[in-house]
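In my numbering, the protein residues as written are 288 to 421.
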């Protein structure tokens, strides 16, 4: 009676017959990570850090997460799945509105009016859900 070959002997003989190409997995990771990094830089600009630890996000809160790229992308992805991304967009626009230096009161008023039309007008595309008291 013929004995069946062991798995090890089959794999060893197959590897000798068809050797796997040598692939530097670390080099592939670096290439993929570099491409991702460039995409994030083109989307967010180069000022935002790529990584931020969870401890810092818990300590600093939402602003720390929004100041980073990767955690913000995950947060945006979550908000898109929950159909509530308008909240993040509204928050970012308000942050920009508060930090911008306006050349005239008219420019500031027009910007505020624009934000109201996008986020606070009933049935607008990005209407945020606010309490009636607001």
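For each residue, glycine too, the CB sits at the ideal point set by N, CA and C. Only a predicted model underlies this, so the values are computations on that prediction, with no experimental measurement involved.
DSSP state of residue i mapped onto helix, strand, coil
i, result
"residue 369", "coil"
"residue 415", "coil"
"residue 395", "helix"
"residue 298", "A caution first: residue 298 carries a pLDDT of 48, below 50, which makes its placement in the model unreliable, though a value can still be read off. Correct three-state label for residue 298: helix."
"residue 339", "coil"
"residue 387", "coil"
"residue 346", "helix"
"residue 351", "helix"
Neighbour-count burial assignment, residue i, 16 or more Cβ in a 10 Å radius
i, result
"residue 390", "exposed"
"residue 298", "Because residue 298 sits at a pLDDT of 48, beneath the cut-off of 50, its placement in the model cannot be relied upon, and the point is left open."
"residue 350", "exposed"
Top-ranked residue by Cα proximity to residue i, from the options
i, options, result
"residue 414", "395, 393, 378", "378"
"residue 355", "363, 339, 347", "339"
"residue 416", "400, 383, 375", "375"
Contact with chain C by residue i, beta-carbon distance below 7 Å
i, result
"residue 362", "In the displayed structure, chain C is absent; only one protein chain is listed."
Query raised in the report: Would the segment 382 to 402 and the segment 361 to 370 be scored as touching if the rule is three or more Cβ pairs under 8 Å?
Result: The segment 382 to 402 vs the segment 361 to 370: no contact.
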